[in-house]
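As structure tokens, the structure follows; a few thoughts come after it.
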Amino acid sequence: MTKNKVRRAIAAVLCLACVALVILGGINLPKKKTDAGLSILNDLRAKSLMNAAGDGIVESYVAIAKKQAQQDAKAAGGGMSEIRTAVAEAEARVRAEYENAEFAQGVEVSDALRSAALEYDRLLTVAGDLEAKATQAYIDAHYEEAKAQQDAQREALLAEGKDVPENDTVQVDMSGFEATPEMLEAAAAADEAYGQVAEALKGLYPVLDDDALSSLRETMEAIVYQAGDTYDTQYDRYITQSGSGSTAAGYLIRHGDDLIYAGLALLVTAALIVFYEPLVEKLGIPRIVIGVFFILLCFMCLWYDLSLSTLLSNSVVRMGMNSVMVLAMVPGIQCGISLNLGLPIGLVAGLIGGLVTIEWGIPGWWGFLFAIAFGCVIAAVCGYLYGQLLNRLKGEEMSVTTYVGFSIVSLMCIAWLVLPFHSLKLRWPLGTGLRNTIGLDNTNFKQILNNFLSFSIGDFFVPTGLLLFMALCCALVWLFSRSKTGVAMQAVGNNTRFAQAAGINVDKMRIIGTTLSTVLGAVGILVYSQSYGFMQLYTTPRQMGFVAASAILIGGASTSRCKISHVIIGTFLFQGVLTLGMPVANVLVPGSTISETLRILISNGIILYALTKSGGDSRG
Numbered sequence: 054m055t056k057n058k059v060r061r062a063i064a065a066v067l068c069l070a071c072v073a074l075v076i077l078g079g080i081n082l083p084k085k086k087t088d089a090g091l092s093i094l095n096d097l098r099a100k101s102l103m104n105a106a107g108d109g110i111v112e113s114y115v116a117i118a119k120k121q122a123q124q125d126a127k128a129a130g131g132g133m134s135e136i137r138t139a140v141a142e143a144e145a146r147v148r149a150e151y152e153n154a155e156f157a158q159g160v161e162v163s164d165a166l167r168s169a170a171l172e173y174d175r176l177l178t179v180a181g182d183l184e185a186k187a188t189q190a191y192i193d194a195h196y197e198e199a200k201a202q203q204d205a206q207r208e209a210l211l212a213e214g215k216d217v218p219e220n221d222t223v224q225v226d227m228s229g230f231e232a233t234p235e236m237l238e239a240a241a242a243a244d245e246a247y248g249q250v251a252e253a254l255k256g257l258y259p260v261l262d263d264d265a266l267s268s269l270r271e272t273m274e275a276i277v278y279q280a281g282d283t284y285d286t287q288y289d290r291y292i293t294q295s296g297s298g299s300t301a302a303g304y305l306i307r308h309g310d311d312l313i314y315a316g317l318a319l320l321v322t323a324a325l326i327v328f329y330e331p332l333v334e335k336l337g338i339p340r341i342v343i344g345v346f347f348i349l350l351c352f353m354c355l356w357y358d359l360s361l362s363t364l365l366s367n368s369v370v371r372m373g374m375n376s377v378m379v380l381a382m383v384p385g386i387q388c389g390i391s392l393n394l395g396l397p398i399g400l401v402a403g404l405i406g407g408l409v410t411i412e413w414g415i416p417g418w419w420g421f422l423f424a425i426a427f428g429c430v431i432a433a434v435c436g437y438l439y440g441q442l443l444n445r446l447k448g449e450e451m452s453v454t455t456y457v458g459f460s461i462v463s464l465m466c467i468a469w470l471v472l473p474f475h476s477l478k479l480r481w482p483l484g485t486g487l488r489n490t491i492g493l494d495n496t497n498f499k500q501i502l503n504n505f506l507s508f509s510i511g512d513f514f515v516p517t518g519l520l521l522f523m524a525l526c527c528a529l530v531w532l533f534s535r536s537k538t539g540v541a542m543q544a545v546g547n548n549t550r551f552a553q554a555a556g557i558n559v560d561k562m563r564i565i566g567t568t569l570s571t572v573l574g575a576v577g578i579l580v581y582s583q584s585y586g587f588m589q590l591y592t593t594p595r596q597m598g599f600v601a602a603s604a605i606l607i608g609g610a611s612t613s614r615c616k617i618s619h620v621i622i623g624t625f626l627f628q629g630v631l632t633l634g635m636p637v638a639n640v641l642v643p644g645s646t647i648s649e650t651l652r653i654l655i656s657n658g659i660i661l662y663a664l665t666k667s668g669g670d671s672r673g
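Residue numbers (the numbering used here): 54 to 673.
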């Protein structure tokens with residue numbers, strides 16, 4: 054059998070496995086919201102309650118034994134000392150007898166307990182939702198008052214020369230919060246439902262007394278309901294608490310989405326096997342390795358029961374928040390300056406725009422748009438000067454951009470100490486200068502893109518606004534690359550001598566590309582900051598240029614040619630490997646620093662390899 058036939062045979066087997074997994078996942082995933090899935094979940098919930106009742110059973114036996122010992126000692130004419138000794142010995146004997154006893158073993162869940170557990174869960178969920186809604190309404194109503202009081206306190210402390218905490222989070226005093234009538238009604242209904250659960254448990258374990266069940270109330274409530282519960286989190290919790298193994302039906306419903314992801318991963322693996330040689334020729338071995346490694350991490354997440362849906366969702370979010378900074382590499386490569394490792398110039402400009410927005414107190418969307426506009430103006434001016442410098446140092450762009458990027462970060466470390474910002478959110482409470490990390494909140498533009506039109510599919514969060522903004526930026530760059538100026542700029546990047554012969558102003562195109570790259574860097578850092586929830590100053594922007602360069606190279610770009618697809622693919626692979634790799638590494642080697650080692654290998658190792666292997670892409 055030839056090598057190609059072996060590849061096709063392996064790929065066919067993987068495709069069949071893919072179809073089987075996708076079908077299984079597609080059939081079982083919707084069952085989370087059907088009677089079948091809810092019945093399995095409730096059965097596990099009831100078993101968890103039965104298992105938790107074991108502590109109450111022990112306490113009931115202890116109470117019976119102590120009472121009997123007391124009666125026997127009194128009947129024997131013993132004094133108080135003898136009675137206390139007899140009671141203590143009885144308690145110790147009973148606890149030793151029932152230590153580690155599994156009372157749920159061999160006891161079947163009754164229909165009464167199933168019904169009571171389901172109703173208890175429903176009413177606790179209603180009560181929890183009402184409490185969360187009422188709490189948030191109270192916070193919203195008293196937020197401005199609390200903020201004004203906190204600001205006044207900070208001003209008074211600063212005036213007295215006292216230390217002021219760095220934390221700017223507004224804490225609303227909840228001492229005046231009172232339960233609403235709806236909350237009280239829901240709590241009363243939940244109390245009644247617990248009574249039904251207690252009666253059902255008594256039916257299974259007659260020895261249980263009211264005192265034991267009363268002491269178990271908080272434990273039972275924590276088992277049944279926790280804020281933010283999803284089907285998956287409840288299932289995993291009940292499997293652990295009940296001491297039961299997962300049934301085949303339960304496992305398929307719980308991991309329906311993971312089965313689909315695994316099937317798709319097998320499909321991608323099959324494609325890699327069949328089209329290995331063309332892919333190697335087109336993408337290169339490093340990119341193939343990263344792709345295969347990503348697929349391997351997906352399987353390892355499934356193997357170690359990590360939430361693949363959540364991790365992939367985080368990967369998508371990280372892709373969106375980093376994509377514009379990676380996109381900033383495109384104009385630089387297309388205009389002929391290669392990888393713009395001087396990207397920190399644009400990042401610093403964007404950070405200044407964000408700081409001005411906070412300083413002037415511009416909230417929400419207007420604040421975000423103003424920060425972009427202000428940062429872009431600064432970035433355009435700096436980008437133009439930066440482009441002039443690169444035109445004077447042609448042939449040394451990689452060294453110059455790296456030096457400029459490091460230099461601007463070092464210069465700004467001084468500037469952050471002397472810039473005339475006065476907001477308490479920005480400055481250190483004592484001394485001079487701006488904070489290392491500037492926290493964003495709802496009064497600024499924290500996650501304003503992430504939350505816009507966002508929705509969830511199970512555990513998979515879709516940051517619609519963030520992805521739409523990424524798509525908009527990519528579309529604008531793509532349209533520009535199709536314009537007359539964009540085509541001329543690419544001609545310069547591809548072959549400088551040909552461009553000169555065609556009458557194209559090479560220096561002008563290089564300046565346009567450099568300026569556009571710098572402006573995109575300013576936009577990118579603001580997109581990153583709003584998603585991250587913080588703006589980081591001082592040395593943080595230093596490495597971001599290398600991270601962006603790594604991502605676009607992983608996506609298939611070279612130092613002289615790139616496309617928008619390279620941005621999307623590279624950013625997803627880069628961030629996906631980091632997002633999945635760190636939890637997997639922590640599972641394999643708990644408490645190690647291997648995740649950080651992985652980050653360094655990917656960000657610095659790949660860019661080094663790509664740069665050393667890019668000599669064939671001469672610009673002429």
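Backbone N, C-alpha and C fix where the C-beta goes; we use that ideal spot for every residue, glycine too. From a predicted model like this one, the values you see are computed outputs, not experimental measurements.
Sequence-distant residues of its chain with Cβ nearer than 7 Å to residue i (five each side left out)
{"i": "M542", "result": "Q387, C388, M562, I565, G566"}
{"i": "T632", "result": "L364, N367, S368, R371"}
{"i": "L261", "result": "A106, G109, I110, S113, L254, K255"}
Nonlocal neighbours in the same chain, by C-beta distance under 6 Å from residue i, ignoring five residues either side
{"i": "L520", "result": "G373"}
{"i": "P416", "result": "T496"}
{"i": "A246", "result": "E172, Y173, L176"}
{"i": "N503", "result": "P516, L519, S584"}
CB contact flag (residue i, residue j, <9 Å)
{"i": "Q249", "j": "A169", "result": "yes"}
{"i": "D289", "j": "D358", "result": "yes"}
{"i": "T568", "j": "Y456", "result": "no"}
{"i": "V540", "j": "T549", "result": "no"}
{"i": "A575", "j": "G399", "result": "yes"}
{"i": "K478", "j": "G586", "result": "no"}
{"i": "A89", "j": "A301", "result": "no"}
{"i": "A190", "j": "V225", "result": "no"}
{"i": "Y258", "j": "I110", "result": "yes"}
{"i": "H619", "j": "G608", "result": "yes"}
{"i": "I313", "j": "V471", "result": "no"}
{"i": "A139", "j": "G130", "result": "no"}
{"i": "Y581", "j": "N375", "result": "yes"}
{"i": "A544", "j": "A555", "result": "yes"}
Per-residue burial, residue i [other beta carbons within 10 Å of its own, 16 or more giving buried]
{"i": "M227", "result": "exposed"}
{"i": "F522", "result": "buried"}
{"i": "L493", "result": "buried"}
{"i": "F328", "result": "exposed"}
{"i": "P516", "result": "buried"}
{"i": "H308", "result": "buried"}
{"i": "Q124", "result": "exposed"}
{"i": "F347", "result": "buried"}
{"i": "L69", "result": "exposed"}
{"i": "V66", "result": "exposed"}
{"i": "D285", "result": "buried"}
{"i": "M465", "result": "buried"}
{"i": "G229", "result": "exposed"}
{"i": "E161", "result": "exposed"}
{"i": "Q279", "result": "exposed"}
{"i": "T293", "result": "exposed"}
Straight-line gap, residue i to residue j (C-alpha atoms, nearest Å)
{"i": "I405", "j": "G428", "result": "6 Å"}
{"i": "G623", "j": "S295", "result": "44 Å"}
{"i": "Y251", "j": "L266", "result": "The sequence given here places Ala at residue 251; Tyr does not occur at that position. Using only the alpha carbons, I get a separation of about 7 Å."}
{"i": "T322", "j": "I510", "result": "25 Å"}
{"i": "N57", "j": "V342", "result": "20 Å"}
{"i": "S163", "j": "L102", "result": "12 Å"}
{"i": "A552", "j": "R614", "result": "15 Å"}
{"i": "I431", "j": "A402", "result": "6 Å"}
{"i": "S611", "j": "V379", "result": "13 Å"}
{"i": "T233", "j": "L97", "result": "33 Å"}
{"i": "A241", "j": "E235", "result": "10 Å"}
{"i": "R672", "j": "L579", "result": "Note that R672 scores a pLDDT of 40, beneath 50, so its modelled location is shaky; the value from the coordinates is reported in the next line. Between R672 and L579, the C-alpha separation is close to 33 Å."}
{"i": "F508", "j": "S268", "result": "40 Å"}
Same chain only: Cβ atoms within 8 Å of residue i, ignoring 5 sequence neighbours per side
{"i": "V453", "result": "G395, L442, L443, L446"}
{"i": "W531", "result": "I617"}
{"i": "E271", "result": "none"}
{"i": "K120", "result": "none"}
Contact belief for residue i with residue j at Cβ below 8 Å, rounded distance in angstroms
{"i": "D501", "j": "Q583", "result": "One detail in the question is off: residue 501 reads as Ile in this sequence, not Asp. The Cβ separation is near 6 Å, so the contact holds."}
{"i": "G440", "j": "L626", "result": "Not confirmed; about 30 Å, so no contact."}
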